[in-house]
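Asks: Residues in the sequence shown are numbered consecutively from 1299, following the working numbering.
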Amino acid sequence: MPVFIRKGGLDIPPPSLSSRDSDEEEFLTDPEQLYDPLPQPFRMIDKVLFQLLEDVWDIVSEREEARMQDGSRVRPPLYECPVQMQEHGKTHCMAHSVDGRYIFVGLPTGLAAFDAVSQVTLAVWEETVEVTSLKVSLVGVQMYLLSTVDDMGASRLLLFSNERFYFIKQLNEQEGTITVKSELSTEGDYVGVALENKEKDVWLEVHRLPRDSWLRELEQAQAQALKAAYAASLDQSTYGEAAPETSEGQVTEGEEGRKSGAGTPTSEVPRQTPSVGQGSMLAGPDIKFSPTQMVLRVRPPTELTGVYC
1299 MPVFIRKGGL DIPPPSLSSR DSDEEEFLTD PEQLYDPLPQ PFRMIDKVLF QLLEDVWDIV
1359 SEREEARMQD GSRVRPPLYE CPVQMQEHGK THCMAHSVDG RYIFVGLPTG LAAFDAVSQV
1419 TLAVWEETVE VTSLKVSLVG VQMYLLSTVD DMGASRLLLF SNERFYFIKQ LNEQEGTITV
1479 KSELSTEGDY VGVALENKEK DVWLEVHRLP RDSWLRELEQ AQAQALKAAY AASLDQSTYG
1539 EAAPETSEGQ VTEGEEGRKS GAGTPTSEVP RQTPSVGQGS MLAGPDIKFS PTQMVLRVRP
1599 PTELTGVYC
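#1: What separation, rounded to the nearest whole angstrom, lies between the Cα atoms of N1516 and D1499?
#2: Within its chain, find whatever has a CB closer than 8 Å to the CB of D1487; leave out the 5 residues flanking it on each side and keep chain order.
#3: Might you give, ordered along the chain, the residues of its own chain that have their beta carbon closer than 6 Å to the beta carbon of R1435, omitting 5 neighbours on each side?
#4: Where in the segment 1433-1516 do unbroken runs of the beta strand (DSSP E), each at least 3 residues long, occur, reported from the N-terminal end onward?
#5: For E1424, which residues from the same chain have a beta carbon less than 7 Å from its beta carbon, with the 5 sequence-adjacent residues on both sides left out?
#6: Kindly indicate which three-state DSSP category Q1591 falls into: helix, strand or coil?
#7: Would D1449 and E1473 qualify as a contact pair, given that the criterion is a beta-carbon distance under 8 Å?
#8: Assign Q1384 to one of two classes, buried (16 or more other C-beta atoms within 10 Å of its C-beta) or exposed (fewer than that).
#9: Over the uninterrupted alpha helix (DSSP H) stretch that includes E1360, give me the two end residues.
#10: Starting from G1398, follow the beta strand (DSSP E) in both directions and report where the run begins and ends.
#11: Just curious, the beta strand (DSSP E) that G1408 is in, first and last residue?
#12: Please report the residue range of the beta strand (DSSP E) in which T1394 lies.
#13: On the criterion of 16 or more Cβ atoms from any shown chain inside 10 Å, does S1453 qualify as buried, or is it exposed?
#14: Taking buried to mean at least 16 other C-beta atoms within 10 Å of its own C-beta, is E1352 buried or exposed?
#15: Just checking my contact of W1501 with V1596 at CB under 8 Å: how many whole Å lie between their CB atoms?
#16: What number of angstroms, rounded off, separates the C-alpha of K1467 from the C-alpha of T1590?
#17: If you measure between the beta carbons of T1419 and V1447, is that distance less than 8 Å?
#18: Ignore the nearest five residues each way along the sequence and tell me which others in L1513's own chain have a CB closer than 6 Å to its CB.
#19: Just confirm the distance between the C-beta atoms of A1492 and T1477, as a whole number of angstroms; I'd bet it's less than 8 Å.
#20: Which value, in whole angstroms, describes the spacing of the CA atoms of Y1377 and Y1400?
#21: Once you ignore the five residues that flank S1480 on each side, which residues in its own chain have a CB closer than 6 Å to its CB?
#22: Going by Cα to Cα distance, which pick from Q1518, W1355, A1410 and G1451 is closest to H1394?
#23: Leaving out the 5 sequence neighbours to the left and right, which residues in its chain are closer than 6 Å to V1567 when beta-carbon positions are compared?
#24: With a 10 Å radius around its C-beta and 16 neighbouring C-beta atoms as the bar for buried, classify K1345 as buried or exposed.
#25: Using CA atoms only, rank isn't needed, just tell me which of F1463, N1495, C1391 and G1398 is closest to R1433.
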């Protein structure tokens, strides 16, 4: 196959002046070439200083960002307790009321209620039981429902009102069952109890609590107690004014006092009507509250048994 070769050399056009790279004017577009490069070892020192400055600036930026985030959060108030409460000795558990008025403490001998501000003991429920768990719910105006679990596994419901404890009932009344855990709902309408028997069977029970009925029964009992206390005070004042002689030669204490004080001016001390539940350290009277209703019982599923073929 013939090959045709052009005679003479190839005509290559010379490069134009506009496309030629100008090394002399490159320093005008590259800022790093505005200055002459440093000789060694100053060039290495310069790089180390620049790297150190960048690292320090990153650390400062992170700390400033963390400080701004921490400052934007709402911090809870911090209170210092100058006085340590050692009146009741050892404490197993503690819970506060929703409104922050009272502090309930589980003791080796029962329960105690403290004022959250003055830390004064308001009421004590002593039943020689060691309370290890305590839950509190607000069920009325300054009326609180308490669920307790003691060291023997007994779960109880109590009502706290007018600085008094009122026992409602024991949840695990069946013999041989112990309470593993007890939880109250926020409104005090339901209570959940995890129970265990001697055979190590565990199940969950949910009870509906007649909260409104309990409040009405408590108000009625308090009104009756107030009337009884007022009547007792009237009877005591009447008995003190006219005290008969018990036997011949013996007179009552009030009669002897009047005889010894004859001829001297006396002033009657005004009597105050006793109030129910005002600053009393004892538990409230026994009230027959409405029973609870169990609405749910949950048992764990049976274990699956497999057969190898």
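Cβ atoms here follow ideal geometry from the backbone N, Cα and C, with glycine treated the same way.
Keep in mind that this is a model prediction, so the values were computed, not measured.
Replies: Checking against the coordinates, here is how it stands:
#1: Looking at the sequence itself, residue 1516 is Leu, so the reference to Asn does not match. Taking the Cα positions, L1516 is about 37 Å away from D1499.
#2: Cβ within range, chain order: R1506, L1507 and R1509.
#3: It is worth fixing the name first, because residue 1435 is Ser in this sequence and not Arg. So the qualifying residues of the chain are L1443, L1482 and G1486.
#4: Listed in chain order, the complete beta strand (DSSP E) runs (minimum 3 residues) inside the segment 1433-1516 are 1441-1448, 1453-1459, 1462-1468, 1476-1482, 1488-1494 and 1500-1506.
#5: Contacts found: T1407 and G1408.
#6: DSSP places Q1591 in strand when its eight states are reduced to three.
#7: No.
#8: Counting every other CB atom within 10 Å of its CB across the protein chains shown gives Q1384 a total below 16, marking it as exposed.
#9: Per DSSP, E1360 belongs to the alpha helix (DSSP H) from F1340 to S1370.
#10: According to the DSSP assignment, G1398 belongs to no beta strand (DSSP E), since it is labelled neither H nor E.
#11: Per DSSP, G1408 is one residue of the beta strand (DSSP E) stretching across G1408 to D1413.
#12: Going by the sequence as given, residue 1394 is His instead of Thr. Note, H1394: beta strand (DSSP E), C1391 to H1394.
#13: Classification for S1453: buried.
#14: Classification for E1352: exposed.
#15: Cβ-Cβ separation between W1501 and V1596: approximately 6 Å, consistent with a contact (criterion under 8 Å).
#16: Straight-line Cα distance between these residues: approximately 9 Å.
#17: No; because the gap between Cβ atoms is not below 8 Å, this pair is not in contact.
#18: Closer than 6 Å at Cβ, skipping near neighbours: G1438.
#19: The C-beta distance from A1492 to T1477 rounds to 7 Å, short enough to meet the 8 Å contact threshold.
#20: Each residue's Cα considered, the two are about 16 Å apart.
#21: Within the same chain, and ignoring the five residues on either side of S1480 in sequence, the residues whose Cβ sits closer than 6 Å to its Cβ are S1445, V1447, S1453 and V1491.
#22: Taking H1394 as reference, the option from Q1518, W1355, A1410 and G1451 with the minimal CA-CA separation is A1410.
#23: For V1567, the pLDDT reaches just 37, beneath the cut-off of 50, and the residue's location in the model is therefore unreliable, leaving the point undetermined.
#24: Result: exposed.
#25: Just to set this straight, residue 1433 is Lys in the shown sequence, not Arg. If you compare the alpha carbons of F1463, N1495, C1391 and G1398 with that of K1433, the shortest gap goes to C1391.
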